[in-house]
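A.B. asks: Sharing a structure with you now.
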Amino acid sequence: MSEITTMRILLVTPPLTQLNTPYPATPYLSGFLCSRGYNTAQQDLGIELIDSLFTKEKLAEVFSLAGDKGVSTHSDSKMLACQDRYLSTVDQVVNFLRGNDLSLATLIARSGFLPEGERFKHVADLEYSFGDLGVTDRAKHLATLYLEDISDFIRRTIDPHFELIRYAESLCVSLPSFDTLEERLCGEQSFIDELILDIFSKRFILDKPTVVGLSVPFPGNLYAALLVAKWIKTNHPEVKVLLGGGYVSTELRSIFDPRLFSYIDYLLFDDGEISILRLLEHFEEKCGEGKLVRTAFLKEGKVFFSGNEEENIAGSERATPLFSQLPLSKYISLVEVANPMLKLWSDGRWNKLILAHGCYWAKCAFCDVTLDYIKRYEPYDAFRIVDMMEEVIAQTGQTGFHFVDEAAPPALLKRISLEIIKRGLTVSWWANVRFEYSFTRDLCLLMARAGCIAVSGGLEVASDRLLTLMHKGVDLKQATTAASAFSSANIMVHAYLMYGFPSETLQETIDSLEVVRQLFEQNLVQSAFWHRFAMTVHSPVGCHPEQYGAKRTSCGSNPFANNEVYFKDGTNTDLVMLGEGLRKATYNYMHGVALDKPLNTWFEEKVPRCSIPSTLIAGYLITPKNDHLPNRGWLVSLADGFQLKLTDSRKPKLYIFNQSKHVEVVINTVEVDFWEIFFDTLKDQDGFWEISKLRELVLNQFPGGEEAFITSKVWKSLRKNGLAVS
Ligand code: SF4
């Protein structure tokens, strides 16, 4: 038997990430390794932890343990006293959140079924918040509060590090030294620690892996990853343990503390495909240590980095991610907020796919543009991506996709949309984009027709001076135009916002809020979130803060994690007070209320009046003329149907049908022959027409030629109501 068949690789996502759908790192790696003949398996230890913890049996242990320890707060005493209600409902609630028993929604949504803890305090706001969402969403929200109550109870009584979607994150955020984490890893194990190890060890015994890859996308996965790694090293020291993922690639690139390597053998940076492939070949003695790619390991007591920075796996060699190796029926939907756009992140089993490697812009000053996952741009083939979508649907049975690129390229989205429409695929999807002019009304209509339901994008600090300073490459006019194109195509828009960028004045932050208010007022964005700016070592502003009006206050390299750069910029703004006010205002705007409330009333302290006109955004909303016929591209039918009624030869008509509406256009009698050919051809070609060929027909057969064609009533109506030019 060859070594390839004897090596067994287990790829693990440690607790905890989001609970509604698998994180895509291990499915991508596993798909790739399987395509190279390796024997891989995957474990989402996070969803298995939740699956095991939120059961009648385990919850009884939690209550018993908490009771033995004694509780100090009124809310914990109340939960202990009501434990029977929790124990008799927990299995059903989890089953409901998995989507298995939706008939329970009415009972959950009706008060009296679920025991109610602290999280239910604001439940009176539900009518107001969930007015537009149905009974199922309301029930999901209440069930989410119920799980959050239990999770809060666990955190307060038996494990201070437990949260629903992260574990021990507070131990791992900004970790210059390994000391505190190691102290915790060497300390007494908590109930949750033991449960994680119990689940993992059972799987380990079944799979008997020879290599375990731990993927750490966020700080909230690091502690559990090392807990598992320690168990492996203690019980099976011969097994190779690898650590990779977004956190490793961002924060551990310059680690020099060797202690981490008593838990793991190798750190892998960036995508992981080439690094893990080379490492497995090294284990098989097919290549020497010198061939390892972007890998760190311990050599003569010191952390050694392999280099070979330029080697990568080409996009064409990447395989379809393998979601089928994960327990898909166990994922649970959570609804924390009523906003239909925001709930996409936690509700529904979205298949996560990547459209391109890196960002096609890769210039924003605050972004980690020096790292491979942003700076190396390579779009994948649209045809192959749609193939992958079909393969993933076959694996998961789910037709919803989240394209997780930091900024999906508009040209590629167009090709993908065309391919989805041509294949007649019914899918829904959402993506992150840059709000740029390339997102025309036609492209957005095409995307909507292909199943796009939402986009999110960075508006950052909504100020033209700061957008220029941070090299965002878009201005407010451009962002407004793009948001308008999305909204008019019924695609929901989420804006990522930022405050506290170097040199940003209080006035600019207030003006930025006013821009956001106007965007909501015009219904151009449906949700938004403010992040406090964090300067990172891998961003242009982190590399050269002085060019942005800031001075670094931290210096030198930390022995363990390196990411955030501390700085001062002389603005002395109270960012905590500002952040509170910005969030309060935006929360209200998301519910369509208080849009006329003076901006200063959202803040605890005095702030300046906004200095921009109240019509700024409305002024940018100019409907572009779109009647012209470009030289190339495709004409795509978007209407439900067309009908020519030529029975009355003096008044021939065209009907354009869209859902319950229709548009009626009288055709100029001299154009009748042309439009007959036009619609016959469009039908024969399943609603697609290459524009160069259409142009030929127009030049040869339309009475009056191209100018008469683009000004004809029928063409104008078609462009408005039923045809996109893409
Ligand atoms: S912030 Fe977004 S658009 Fe800007 S460089 Fe980063 S990924 Fe690209």
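Everything in the sequence shown is counted per our numbering, starting at 66 for the first residue and increasing by one. Just so it is clear, CB atoms sit at the ideal spot from N, CA and C, and this is done for glycine as well.
1) Mind checking whether the beta-carbon of tryptophan 426 lies closer than 7 Å to any heavy atom of the ligand SF4?
2) Verify the contact flag: glutamate 471, CB atom, against every heavy atom of the ligand SF4, threshold strictly below 7 Å.
3) Kindly indicate the opening and closing residues of the beta strand (DSSP E) around serine 280.
4) Taking only heavy atoms of the ligand SF4 into account, decide whether any of them is closer than 7 Å to the Cβ of glycine 353.
5) Please list the terminal residues of the continuous alpha helix (DSSP H) segment that includes aspartate 661.
6) Which same chain residues, not among the five before or five after leucine 391, have their C-beta less than 6 Å away from its C-beta?
7) Roughly how many angstroms separate the alpha carbons of glycine 164 and glutamate 729, rounded to a whole number?
8) Can you give me the C-alpha to C-alpha distance between isoleucine 115 and alanine 421, rounded to a whole angstrom?
9) In the DSSP assignment, find the unbroken alpha helix (DSSP H) run with tryptophan 426 in it and report its ends.
10) Report the rounded CA-to-CA distance for phenylalanine 774 versus serine 782, giving the unit in angstroms.
11) Which runs of the alpha helix (DSSP H) fall wholly inside the segment 634-695 and span at least 4 residues, in chain order?
12) I'd like to know whether the C-beta atoms of lysine 305 and aspartate 330 end up nearer to each other than 8 Å.
13) Less than 8 Å between the CB atoms is what I'm expecting for alanine 233 and leucine 207, so what's the real figure, rounded?
14) How about leucine 162 and serine 398: do their beta carbons lie closer than 8 Å?
15) Tell me the rounded alpha-carbon separation between tyrosine 631 and alanine 384.
16) CB leucine 325 to CB phenylalanine 265, shorter than 8 Å?
17) Going by DSSP, what residue range makes up the beta strand (DSSP E) through aspartate 109?
18) So, does the segment 581-600 touch the segment 560-573, judging by three or more C-beta pairs under 8 Å?
19) Measure the C-alpha to C-alpha separation of glutamate 471 and leucine 436 and round it to an integer number of angstroms.
20) In angstroms, rounded to a whole number, what distance separates the CA positions of leucine 210 and asparagine 404?
21) Output the boundary residues of the alpha helix (DSSP H) element that contains tyrosine 438.
22) Can you check the segment 134-164 for any alpha helix (DSSP H) of at least 4 residues that lies completely inside it and give the ranges in chain order?
23) Determine the burial state of serine 255: buried for a count of at least 16 other Cβ atoms within 10 Å of its Cβ, exposed for fewer.
24) With C-beta atoms as the reference, is proline 302 less than 8 Å away from valine 368?
25) Of the choices Lys440, Pro80 and Lys364, whose alpha-carbon is the least far from that of glutamate 374?
26) Taking the CB atoms as reference points, tell me whether alanine 131 and isoleucine 223 lie closer together than 8 Å.
27) Tell me which residues share the same chain as threonine 776 and place their Cβ nearer than 8 Å to its Cβ, disregarding the 5 neighbours each side in the sequence.
28) In the segment 304-373, which residue ranges form an unbroken beta strand (DSSP E) of at least 3 residues, counting only runs that do not cross its ends?
29) Apply the 10 Å Cβ neighbour rule to aspartate 258 and answer buried if 16 or more other Cβ atoms are within range, or exposed otherwise.
30) Ignore the nearest five residues each way along the sequence and tell me which others in glutamate 68's own chain have a CB closer than 6 Å to its CB.
31) Check this for me: beta carbons of phenylalanine 792 and leucine 524, under 8 Å apart or not?
32) Looking only at its chain, what residues have a beta carbon closer than 8 Å to the beta carbon of methionine 66, apart from the 5 residues adjacent to it on each side?
33) What is the DSSP secondary structure of glutamate 68, counted as helix, strand or coil?
34) Quick one: which unbroken beta strand (DSSP E) runs of 3-plus residues sit fully inside the segment 557-620? Chain order, please.
35) Quick one: does the C-beta of cysteine 620 sit closer than 7 Å to a heavy atom of the ligand SF4?
36) Label histidine 139 either buried or exposed according to how many other C-beta atoms from any shown protein chain fall within 10 Å of its C-beta, with 16 as the threshold for buried.
C.D. replies: Taking the coordinates as given:
1) yes
2) yes
3) 276-280
4) no
5) Here aspartate 661 belongs to no alpha helix (DSSP H), and DSSP marks it neither H nor E.
6) Pro87, Gln107 and Asp109
7) 43 Å
8) 32 Å
9) Run containing tryptophan 426: none; DSSP gives neither H nor E here.
10) 12 Å
11) 640-655 and 681-685
12) yes
13) The pair is not a contact, with the Cβ atoms about 28 Å apart (cut-off 8 Å).
14) yes
15) 40 Å
16) no
17) 104-109
18) yes
19) 13 Å
20) 16 Å
21) 437-440
22) 139-146 and 148-162
23) buried
24) no
25) Lys440
26) yes
27) Asp692
28) 305-309, 331-333, 360-364 and 367-370
29) buried
30) For glutamate 68, the predicted structure reports a pLDDT of 44, less than 50, and the residue's modelled location is therefore unreliable. A value from the coordinates is still provided. Cβ neighbours of glutamate 68 beyond the five flanking positions: Glu349.
31) No answer is possible for residue 792: it lies beyond the span of the chain, which begins at 66 and ends at 791.
32) Residue placement at methionine 66 is poorly supported in this model, since its pLDDT is 40, which falls under 50; the coordinates still yield a value, given next. Excluding sequence neighbours, methionine 66 sits near nothing in its chain.
33) At glutamate 68 the pLDDT is 44, less than 50, meaning the model places this residue with poor confidence; the figure from the coordinates comes in the next sentence. DSSP places glutamate 68 in helix when its eight states are reduced to three.
34) 557-564 and 592-597
35) no
36) exposed
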